[in-house]
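Number of protein chains: 2
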Amino acid sequence: KNLLQNMNHKCRCFCFIYFYFFADLLPASDGDIKTMTFLQEVVDILLAYIVESFDRETKVIDFHYPNELLQMNNWELQDEPATLDDILISCRATLKYAIKTAHPRYFNQLSTGLDMVGLAADWLTSTANTNMFTYEVAPVFVLLEYVTLKKMREIIGWSDGRGDGIFSPGGAISNMYAMLLARFKMFPEVKEKGMSSVPRLVAFTSEHELNDVFLFCSGKLIPADLERRILEAKQKGFVPFFVSATAGTTVYGAFDPLIAISDICRKYNIWMHVDGAWGGSLLMSRRHRWKLDGVERANSVTWNPHKMMSVPLQCSALLVREEGLMQNCNQMHACYLFQQDKHYDLSYDTGDKALQCGRHVDIFKLWLMWRAKGTIGFEAQIDKCLELSEYLYNKIKDREGYEMVFDGKPQHTNVCFWYLPPGIRYMEDKEEKKKHLHKVAPVIKARMMEYGTTMVSYQPQGDKVNFFRMVISNPAATFEDIDFLIEEIERLGQDL
Amino acid sequence: KNLLQNMNHKCRCFCFIYFYFFADLLPASDGDIKTMTFLQEVVDILLAYIVESFDRETKVIDFHYPNELLQMNNWELQDEPATLDDILISCRATLKYAIKTAHPRYFNQLSTGLDMVGLAADWLTSTANTNMFTYEVAPVFVLLEYVTLKKMREIIGWSDGRGDGIFSPGGAISNMYAMLLARFKMFPEVKEKGMSSVPRLVAFTSEHELNDVFLFCSGKLIPADLERRILEAKQKGFVPFFVSATAGTTVYGAFDPLIAISDICRKYNIWMHVDGAWGGSLLMSRRHRWKLDGVERANSVTWNPHKMMSVPLQCSALLVREEGLMQNCNQMHACYLFQQDKHYDLSYDTGDKALQCGRHVDIFKLWLMWRAKGTIGFEAQIDKCLELSEYLYNKIKDREGYEMVFDGKPQHTNVCFWYLPPGIRYMEDKEEKKKHLHKVAPVIKARMMEYGTTMVSYQPQGDKVNFFRMVISNPAATFEDIDFLIEEIERLGQDL
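Chains A and B, in that order, are what the protein sequence lines are.
With full-length UniProt numbering, letter number 357 in the first sequence gets 357, and the count goes up by one each step, no holes.
With full-length UniProt numbering, letter number 366 in the second sequence gets 366, and the count goes up by one each step, no holes.
The structure is reproduced here in structure tokens:
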């Protein structure tokens, strides 16, 4: 097969003159053949990279320190054009030092893996190179966004999939849009008169620290605690306007109790947002969706298909229960885009629903993958990742040298644990032991990257010293890869 | 050539069994060949689309109304998976009804055209499928962002290219980031204590209407007027903290006088931002960069290479003069990403410089195009677009049936004009004439889309009735295409 590819490659190169420049490509007249040849060369590089990425014999990363990497290639920008051959060399160099995010043993982030249909869809999206702000310039993509958001709202449980929504560049932006909606809903005058027209607002969340936000620790939002803090805030003259419950926290994968939280939000008339950037995808699984029971009571939901559903980056949705609110909150009537005398149904011009004017087309990847897998395909993929994490949890929870960071079975695929090498395992001085343990994960992780065998995240949290945070969203991972991870941690850490 | 392609296609299809599903592709064992065959089929569809898009005989759009388009294909999402053959059919259908943004006669937006090297780079970016937040997961891309931002700061004129910056999802977000920096610079306590800790802030801009912002009309920011309004605001007890001068307004392409504005900003100690989303690229042109004289005095600059430089969407940069400020303003120390005991130089972890945590990789397209064209290639491309717009302006300014919307030669490629069909041209009742004229552009535009021959934007502005706003950023456009546009407007409007 490789031979065939090589021959194929050489045959094409033979027709391809290396000293062409970008100016020889389309829109140059007679640029057709040269363009197709050039793009095909690039595709050949990409296809080889893809096949290699899935091969467990390949390194996840060929790691180099920043100053080394700066010197390994000429990355500087010049005044003069480079040849197309140099462009192909740059493509190869870029991939050589890239992380192979498709690799079955890449577990480093909440977004891992590479879906082949999603990739094809992203290539098509780049080729279509348009903008989501109007139906006029993105007719199909706007319709597909409409169809997909409706489906997602049905899955949340809003009747007939009614409501609104938008795809944004990521979870932080989706959550911010939800806060703006909540603020506008309570104080519509904020749009015209600004922040000085509203009282001091307070938001509550289990996850992030924000301006004017009371932070809860990164565990679960406890309803009684939330209510107490709401009352405290009100007594101080603040106005609680927004509660962001987390469905799947970043570190522990914890799910806040949505039903109890929604009761409190209703009682105090506070906007309830569910940040399901990480955990929202569990709604696709009949086995796991109970963890989000009560999500249908939320006013808004963030759900990032680029995390647990392996849609290529970026793909984050904000779903909103009330229709019309997004438009009212954000519209600026830019007359160069949203002409009111266009000849089609203007409700499909979505550009006034968010702070952004232009929006990248993020929908096609998700839509085409959904088409290819069906809802049941996504469900199977998600269930499998949760199975793998349960397998990991069961394997290490009583294994010598391991300690779990939190009690009980993980709710999501987050498995947080310490590995105690033999040299530390039996230390008696607890403080000394902690101090040593803190250094273990960073060293093992650095060695993983040097060897390029696997990648998993670590971190400290509060008074907890560095632990491994294993997350599984990679559809290529198998039980054997979990076994490998454990063996590799022990191999790389045995001398510590 | 087409015959060859067809044979090639048939030969591959012969090997490719139509009834495969996504589950047969990688990471399936032995999924290599099937994956490569599937992706190659998609690429063949894309290559054919690209070549077609540049052909002037092809329609810019095969337009259908939303309700028609919804019925032209089965776009609904199902529970069950579709075959890969169905996926290819969906790809073809999506492209059939898409706008051909590469078409030489597509002038509808500030972002037009399709660059072949940029496209190749975007395909590679999708394949690498990673996130910009840390060097750990995007080593090459983070370095290329560093190299490119430095180069852009040099071009702005900041000594040795010092300063900071980031690529964001678009101009609106870049401008928002600049406002957050300005606010933090003046009132660092805002980060911890929120908006209630600061006085009522006021921003000034020539372009958009924002919360707490005094709006100037969409023409130029007049320095004397700006100073008067700053003094008024201060008298009312407000604190002016941000002036956003526009380098290339969206509608008229006007450039605010940056030197005079910077004098005022210095006098009153106000953050000066330059919104060069549209006009910033003129900095690449030795012939036109004088229009931005004074930009080097700005505290921050928005510059969208996805507009005038034809980088595929999305690619927007925020450049900041002061080093370290972005990190201080935005960092949240998410311990699951920015571990302080990593084994490499942490200054390359950029994820704490903005509100977003994850960021899409937008840099590679720009970097690879810069490599392929050199600075002089970008310059030539930009100069050519400005030449075309001057040609258009000269052609219609005294032509019968045309009226210019603003006086004088356009500063950017924006040419705003009314076309008065013979039936309206000689009307005596001015109000009646205006009323009729208002309806002309929407009808001609609708007809352009029905015929699919070209696309250009129109809009009203203040008391001005609908006019055509022609903008040229499409590198495929030629003098003949400008001639065609004029002929087409006259052909489609002659009976009105």
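Ideal placement from N, C-alpha and C gives every residue a C-beta, glycine not left out.
So, helix, strand or coil for F22 of chain A, using DSSP?
One-based indexing of the first sequence puts residue 22 of chain A at position 22. F22 of chain A: helix per DSSP, three-state reduction.
For D275 of chain A, which three-state DSSP category applies?
In the first sequence, the residue the question calls residue 275 of chain A occupies position 275. Three-state result, D275 of chain A: strand.
Limits of the unbroken beta strand (DSSP E) element including E403 of chain A:
Locating residue 403 of chain A in the first sequence gives position 403, counting from the first residue. It spans Y402 to M404 - the beta strand (DSSP E) in which E403 of chain A sits, taken as one unbroken run.
Distance between Y106 of chain B and T478 of chain B (C-alpha atoms, nearest Å)
By one-based count along the second sequence, residue 478 of chain B stands at place 478. By one-based count along the second sequence, residue 106 of chain B stands at place 106. Each residue's Cα considered, the two are about 12 Å apart.
Starting from Y393 of chain B and walking both ways along the alpha helix (DSSP H), at which residues does that stretch end?
The residue labelled residue 393 of chain B in the question sits at position 393 within the second sequence. I363 to I396 is the span of the alpha helix (DSSP H), which, as asked, contains Y393 of chain B.
Through-space distance from I173 of chain B to S111 of chain B, alpha-carbon basis:
Numbered from 1 along the second sequence, position 111 holds the residue referred to as residue 111 of chain B. Numbered from 1 along the second sequence, position 173 holds the residue referred to as residue 173 of chain B. C-alpha separation (whole angstroms): 17 Å.
Short-range partners of chain B found in the region 167-188 of chain A, where Cβ spacing is below 9 Å
S168, P169, G170, G171, A172, I173 and M176
Between M116 of chain A and F19 of chain B, how many whole angstroms is the CB-CB distance? I'm expecting something under 8 Å.
As a working note, residue 116 of chain A is residue 116 in the first sequence. As a working note, residue 19 of chain B is residue 19 in the second sequence. The pair is not a contact, with the Cβ atoms about 17 Å apart (cut-off 8 Å).
With 7 Å as the threshold, decide whether the Cβ of A372 of chain B is near any Cβ in chain A.
Position 372 of the second sequence holds residue 372 of chain B. Judged by the 7 Å Cβ criterion, A372 of chain B is in contact with chain A.
Check whether chain A comes within 7 Å of M36 of chain B, counting only Cβ atoms and requiring the distance to be less than that.
Residue 36 of chain B sits at position 36 when you count from the first residue of the second sequence. Yes, because at least one Cβ of chain A sits closer than 7 Å to the Cβ of M36 of chain B.
Confirm, please, whether the CB-CB distance from G452 of chain B to V51 of chain B is below 7 Å.
Translated into the one-based positions of the second sequence, residue 51 of chain B becomes position 51. Translated into the one-based positions of the second sequence, residue 452 of chain B becomes position 452. Contact flag unset, no.
Proximal residues to L149 of chain B (C-beta, below 6 Å), its chain only, five neighbours per side dropped
Here residue 149 of chain B corresponds to residue number 149 of the second sequence, with the count starting at 1. So the list reads G165, once near-sequence residues are dropped.
Does the beta carbon of M116 of chain A come closer than 7 Å to any beta carbon on chain B?
Sequence index remark: in the first sequence, residue 116 of chain A carries index 116 (1-based). Answer yes: the Cβ-Cβ gap between M116 of chain A and chain B drops below 7 Å somewhere.
Rounded straight-line distance, which links the Cα of K185 of chain B to that of D263 of chain B
Numbered from 1 along the second sequence, position 263 holds the residue referred to as residue 263 of chain B. Numbered from 1 along the second sequence, position 185 holds the residue referred to as residue 185 of chain B. Each residue's Cα considered, the two are about 19 Å apart.
Establish whether the CB of D44 of chain B and some CB of chain A are separated by less than 7 Å.
Against the second sequence, residue 44 of chain B aligns to sequence position 44. Judged by the 7 Å Cβ criterion, D44 of chain B is not in contact with chain A.
Quick check: is the beta carbon of N211 of chain A nearer than 7 Å to any beta carbon in chain B?
Position 211 of the first sequence, counting from 1, holds the residue named residue 211 of chain A. For N211 of chain A, the predicted model reports a pLDDT of 49, less than 50, meaning its position is unreliable and no value from the coordinates is stated.
Can you find a CB in chain B that lies within less than 7 Å of the CB of A98 of chain A?
By one-based count along the first sequence, residue 98 of chain A stands at place 98. It does; some Cβ of chain B falls within 7 Å.
What does a CB cutoff of less than 8 Å around K409 of chain B pick up in its chain, not counting 5 residues either side in sequence?
Counted from its first residue, the second sequence places residue 409 of chain B at position 409. Result list for K409 of chain B: E390 and Y393, in chain order.
Is there a C-beta anywhere in chain A that falls below 7 Å from the one on A254 of chain B?
As a position in the second sequence, residue 254 of chain B is number 254, starting the count at 1. Cβ-Cβ to chain A under 7 Å: no for A254 of chain B.
Buried or exposed (CB count within 10 angstroms, at least 16 for buried), L258 of chain B:
Taking the first residue of the second sequence as 1, we reach residue 258 of chain B at position 258. Classification of L258 of chain B: buried, given that the 10 Å Cβ count is 16 or more.
Would you please verify whether the beta carbon of R326 of chain B is less than 7 Å from any beta carbon of chain A?
To locate residue 326 of chain B, count along the second sequence from 1; it is residue 326. Checking the displayed sequence, the identity of residue 326 of chain B turns out to be Met instead of Arg. False, the Cβ-Cβ gap to chain A never drops below 7 Å.
Could you tell me the distance, in whole angstroms, from the CA atom of E323 of chain B to the CA atom of L292 of chain B?
Within the second sequence, numbered from 1, the residue matching residue 323 of chain B stands at position 323. Within the second sequence, numbered from 1, the residue matching residue 292 of chain B stands at position 292. Each residue's alpha carbon lies about 22 Å from the other.
Threshold first: 4 residues or longer. Then list the alpha helix (DSSP H) segments lying entirely within the region 314-362 of chain A, N to C.
325-330
Length of the line joining the Cα atoms of R425 of chain B and H438 of chain B:
Sequence index remark: in the second sequence, residue 425 of chain B carries index 425 (1-based). Sequence index remark: in the second sequence, residue 438 of chain B carries index 438 (1-based). Their backbone Cα atoms lie some 13 Å apart in a straight line.
Per-residue burial, A233 of chain A [other beta carbons within 10 Å of its own, 16 or more giving buried]:
Mapped onto the first sequence, residue 233 of chain A falls at position 233. Buried is the call here.
What residue range does the beta strand (DSSP E) around K435 of chain A cover?
Start at 1 with the first residue of the first sequence, and residue 435 of chain A comes out as number 435. Where K435 of chain A is concerned, there is no enclosing beta strand (DSSP E), although the alpha helix (DSSP H) it sits in stretches over K430 to Y451.
Comparing alpha-carbon positions, which option in A:G248, A:Q314, A:K193 and A:L337 lies nearest G276 of chain A?
Within the first sequence, residue 276 of chain A is the residue found at index 276, counting from 1. Selected option, being the one with the closest Cα: A:G248.
Under the three-state reduction of DSSP, which class applies to M7 of chain A: helix, strand or coil?
To locate residue 7 of chain A, count along the first sequence from 1; it is residue 7. The predicted position of M7 of chain A is uncertain, since its pLDDT is 47 and thus under 50; a value taken from the coordinates is nonetheless stated next. If DSSP states are grouped into helix, strand and coil, M7 of chain A belongs with the helices.
Any chance you could list the beta strand (DSSP E) runs of at least 3 consecutive residues sitting entirely within the region 115-185 of chain A, in chain order?
164-168
Among B:V471, B:D495, B:D30 and B:E136, whose alpha-carbon lies nearest the alpha-carbon of residue 529 of chain B?
Missing from the structure shown is residue 529 of chain B; chain B here goes from 1 to 496 and no further.
Whole angstroms are fine: how far does the CA of T454 of chain A sit from the CA of L485 of chain A?
Position 485 of the first sequence, counting from 1, holds the residue named residue 485 of chain A. Position 454 of the first sequence, counting from 1, holds the residue named residue 454 of chain A. Computed Cα separation, rounded: 7 Å.
Taking the C-alpha atoms as reference points, what is the distance between P312 of chain A and S196 of chain A?
Position 312 of the first sequence, counted from the first residue, corresponds to residue 312 of chain A. Position 196 of the first sequence, counted from the first residue, corresponds to residue 196 of chain A. Taking the straight line joining both Cα atoms gives about 41 Å.
Supposed close pair L364 of chain A, L124 of chain A - CB separation, criterion 8 Å
As a working note, residue 364 of chain A is residue 364 in the first sequence. As a working note, residue 124 of chain A is residue 124 in the first sequence. According to the sequence provided, residue 364 of chain A is Phe. The question's Leu does not apply to it. Going by Cβ atoms, the distance from F364 of chain A to L124 of chain A rounds to 6 Å, so yes, they are a contact pair.
Taking 7 Å as the CB-CB limit, is Q494 of chain B close to chain A?
Counted from its first residue, the second sequence places residue 494 of chain B at position 494. Taking Cβ atoms only, chain A never reaches closer than 7 Å to Q494 of chain B, which makes this a no.
If the cut is a Cβ gap below 7 Å, which residues of chain B does H273 of chain A touch?
For the purposes of this step, residue 273 of chain A is identified with residue 273 of the first sequence, where counting begins at 1. Going along chain B, no residue has its Cβ under 7 Å from H273 of chain A, so there is no contact; the nearest lies around 16 Å.
At 7 Å on the CB atoms, spell out the chain A contacts of K151 of chain B, in chain order.
Locating residue 151 of chain B in the second sequence gives position 151, where the first residue counts as 1. What K151 of chain B touches in chain A: L77.
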